[in-house]
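Chemist: Sharing a structure below in structure tokens format, with a few things to ask.
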Amino acid sequence: MGERRDIGGHPTWVDLRGSGPATILLLHGGMSNSDLLLEAIGAPLVERHRLVAFDRRGHGYTADTPAPFHYDDMAAETIAVLEAVVGGPAHLVGWSDGGIIGLLVALHRPELVDRMVVIGANFHHDGFGSLDMPEDSPFARAIFEAYAQRSPDGGEHFGEVFEKFMAMVTTEPTLTTEDLGRITAPTLVMAGDDDAVLLAHTCEMYEALPAGQLSIVPGTSHALPIERPDVTARTVLDFLGAEVPPATLMPVRRARAIA
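Numbering (full-length UniProt numbering), first residue to last: 1 to 259.
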């Protein structure tokens, strides 16, 4: 279903599925690709929505460029996809780096974001704890093999991409809670209870978002959408289809916001 589209002068792999009344733009994680999320949660999402996904520069089927990685550049790339492929606003569902990019898009171009789900995302690089993933671990091998199978640059380019990725995630993003307070889109913050993003940081993000909701999934890690795709898809769909703000019997935080 994928095809290459010109996004900002660069051939970019884009996947379009379904024909629902609303569009979900799926944003993959760092050092990952759209296929991983599409295979995990794509099927239930496409039953109700038009689904668009794309591989960012240096990821999946999209070739790298000599430029370093920066989240602001990735957000600009995402905005270009919303304008050129989606043709307007969409629900953003982003995992890890994809969630960070969603936050930036919602800040820079709020009119392009209907609702947003950020999964295992941090708004500041200090919120990301240690990720113990030995090079010979099954998950690390799977990341390399997926890259080598898809990248037009070949598997030998993986090391360069990984260096750019590490330089970015150790210094970015640098958003503040004040920045998050300017995001008006209803936003669901999801994370595993054993996520690489610190739980306190995740809660701080939720509390700073004016229209935030929170879902911590027990027995999961930073790989939540892969470990529990059923729970992830169901939670995303419930949020996208629910009344906002939610009507609850004993509001506390939301009662203060309304007041």
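All residues carry an ideal CB built from backbone N, CA and C; glycine is no exception.
This one's a predicted model, so the numbers in the text were calculated from it and none came from an experiment.
Between the Cα of G154 and those of A63, P44, R57, spot the shortest distance and give me the residue it belongs to.
Modeler: The residue given as residue 154 occupies position 154 in the sequence shown. Here the closest residue by C-alpha is A63.
Chemist: Around the C-beta of M168, are 16 or more other C-beta atoms found within 10 angstroms, so that it is buried, or is it exposed?
Modeler: Here residue 168 corresponds to residue number 168 of the sequence shown, with the count starting at 1. Residue burial annotation: M168 is buried, with at least 16 other C-beta atoms found within 10 angstroms of its C-beta.
Chemist: Could you tell me the alpha carbon to alpha carbon distance between I183 and L112, rounded to whole angstroms?
Modeler: Residue 183 sits at position 183 when you count from the first residue of the sequence shown. Residue 112 sits at position 112 when you count from the first residue of the sequence shown. Between the C-alpha atoms of I183 and L112 there is a straight-line separation of about 12 Å.
Chemist: Look at the Cβ atom of I79, then the Cβ atom of V105, and state whether they are nearer than 9 Å.
Modeler: Here the question's residue 79 lines up with position 79 in the sequence shown. Here the question's residue 105 lines up with position 105 in the sequence shown. Against a cut-off of 9 Å, the Cβ pair of V105 and I79 comes out as a contact.
Chemist: Whose CA, out of P186, L224, T177, P225, lies closest to the CA of C203?
Modeler: To locate residue 203, count along the sequence shown from 1; it is residue 203. That would be T177, whose Cα lies nearest to the Cα of C203.
Chemist: Determine which residues share a DSSP beta bridge with R17 and list them.
Modeler: Position 17 of the sequence shown, counted from the start, is the residue given in the question as residue 17. L51, per the DSSP bridge assignment.
Chemist: Just to confirm before moving on: does the CB-CB distance between P229 and A67 stay below 9 Å?
Modeler: Reading the sequence shown from its first residue, position 229 is the one you call residue 229. Reading the sequence shown from its first residue, position 67 is the one you call residue 67. No, the Cβ-Cβ distance between P229 and A67 is not below 9 Å.
Chemist: Quick check: the segment 137-154 against the segment 115-125, are at least 3 beta-carbon pairs closer than 8 Å?
Modeler: no
Chemist: According to DSSP, is residue 262 helix, strand or coil?
Modeler: The structure shown does not extend to residue 262, since the chain is modelled only from 1 to 259, so the question has no answer here.
Chemist: What number of angstroms, rounded off, separates the C-alpha of R254 from the C-alpha of H157?
Modeler: In the sequence shown, counting from the first residue as 1, residue 254 sits at position 254. In the sequence shown, counting from the first residue as 1, residue 157 sits at position 157. Going by the C-alpha atoms only, they are around 48 Å apart.
Chemist: Can you give me the start and stop residues for the alpha helix (DSSP H) that T177 sits inside?
Modeler: Against the sequence shown, residue 177 aligns to sequence position 177. Where T177 is concerned, the enclosing alpha helix (DSSP H) stretches over 177-180.
Chemist: According to DSSP, is E156 helix, strand or coil?
Modeler: Against the sequence shown, residue 156 aligns to sequence position 156. Three-state DSSP puts E156 in a helix.
Chemist: With respect to the beta strand (DSSP E) encompassing G2, which residues constitute its N-terminal and C-terminal limits?
Modeler: Taking the sequence shown and counting its residues from 1, one reaches residue 2 at position 2. That run of the beta strand (DSSP E) goes 2-7.
Chemist: Extract the residue ranges of the beta strand (DSSP E) inside the segment 164-236, only unbroken runs of 3 or more that lie entirely within it.
Modeler: 187-192, 212-217
Chemist: Residue range of the alpha helix (DSSP H) that D97 falls in?
Modeler: Working through the sequence shown from its first residue, we reach residue 97 at position 97. That run of the alpha helix (DSSP H) goes 97-108.
Chemist: May I ask you to report which of helix, strand or coil DSSP gives V244?
Modeler: In the sequence shown, the residue the question calls residue 244 occupies position 244. Looking at V244 - three-state DSSP - the assignment turns out to be coil, as it is neither helix nor strand.
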